[in-house]
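According to the working numbering, the sequence shown is numbered sequentially starting from 300. Before any comments, here is the structure.
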Amino acid sequence: VQQLEARWKASSEYTLAIAEQMPADGYAFRPTGGQMTFGEQLLHISQQNRLILSEMSGQTAPPAARTSPAKTNVVAHLTETHALGVKTLRQRTSGNIDDFLEGMMLALDHTTHHRGQAVVYLRLKGITPAEYGR
Numbered sequence: 300v301q302q303l304e305a306r307w308k309a310s311s312e313y314t315l316a317i318a319e320q321m322p323a324d325g326y327a328f329r330p331t332g333g334q335m336t337f338g339e340q341l342l343h344i345s346q347q348n349r350l351i352l353s354e355m356s357g358q359t360a361p362p363a364a365r366t367s368p369a370k371t372n373v374v375a376h377l378t379e380t381h382a383l384g385v386k387t388l389r390q391r392t393s394g395n396i397d398d399f400l401e402g403m404m405l406a407l408d409h410t411t412h413h414r415g416q417a418v419v420y421l422r423l424k425g426i427t428p429a430e431y432g433r
């Protein structure tokens with residue numbers, strides 16, 4: 300669990316660094332018509348991970364909030380989701396460890412997938428993305 304917490308923190312911090320790098324007006328950027336905007340990509344990370352973490356902790360998942368993908372909202376949601384992940388990890392006291400690990404790996408994998416797309420968006424805007432720190 301301690302290793303997962305360290306991995307969760309590193310992933311969350313990197314995701315927040317990527318979020319901070321895009322100027323507020325870039326949150327509406329979408330490379331093609333069929334893709335989510337930069338803001339929607341990051342908001343999706345937060346909303347889906349909140350669902351996964353809620354299920355892992357046996358809580359009723361909050362309904363997906365219909366919120367603006369503006370920078371201030373997205374950064375706030377990512378920050379809250381980071382804290383929820385840490386809380387979920389620290390409060391794990393019982394249950395099947397395999398199910399718990401599966402949930403955390405799903406959340407981390409999901410984050411990596413969409414954050415990777417956000418990194419490409421930054422590059423398309425001429426912004427060199429932050430380095431991933433372990």
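From the three backbone atoms N, C-alpha and C, an ideal C-beta is built for every residue, glycine too. Keep in mind the model is a prediction, meaning the values are calculated, not measured.
Look at the Cβ atom of residue i, then the Cβ atom of residue j, and state whether they are nearer than 9 Å.
| i | j | result |
| --- | --- | --- |
| R414 | T314 | yes |
| W307 | G384 | yes |
| T387 | M335 | no |
| H312 | H381 | Note on identity: in this sequence residue 312 is Glu, with His being the wrong assignment. Going by C-beta atoms, E312 is nearer than 9 Å to H381. |
| T429 | A316 | In the sequence on display, residue 429 carries Ala and not Thr. The answer is yes: Cβ separation under 9 Å. |
| H376 | L350 | no |
| H409 | N348 | yes |
| T378 | A323 | no |
| F337 | P368 | yes |
| V300 | R365 | no |
| L423 | F328 | yes |
Which two residues bound the contiguous alpha helix (DSSP H) that contains residue i?
| i | result |
| --- | --- |
| K424 | That residue, K424, is in no alpha helix (DSSP H); it is neither H nor E in DSSP. |
| R306 | 301-320 |
| E430 | Run containing E430: none; DSSP gives neither H nor E here. |
| S353 | 337-355 |
Would you please state the rounded distance, in angstroms, between the beta carbons of residue i and residue j? I believe it to be under 8 Å.
| i | j | result |
| --- | --- | --- |
| Q320 | L421 | 6 Å |
| Y431 | V373 | No, Y431 and V373 are not in contact; Cβ-Cβ is about 19 Å, not under 8 Å. |
| A417 | Q340 | 5 Å |
* At 4 residues or longer, and completely inside the segment 367-405: list those alpha helix (DSSP H) runs for me, N to C. => When DSSP assignments are scanned along the segment 367-405, the uninterrupted stretches of alpha helix (DSSP H) that are 4 or more residues long and fall wholly within it turn out to be 370-390.
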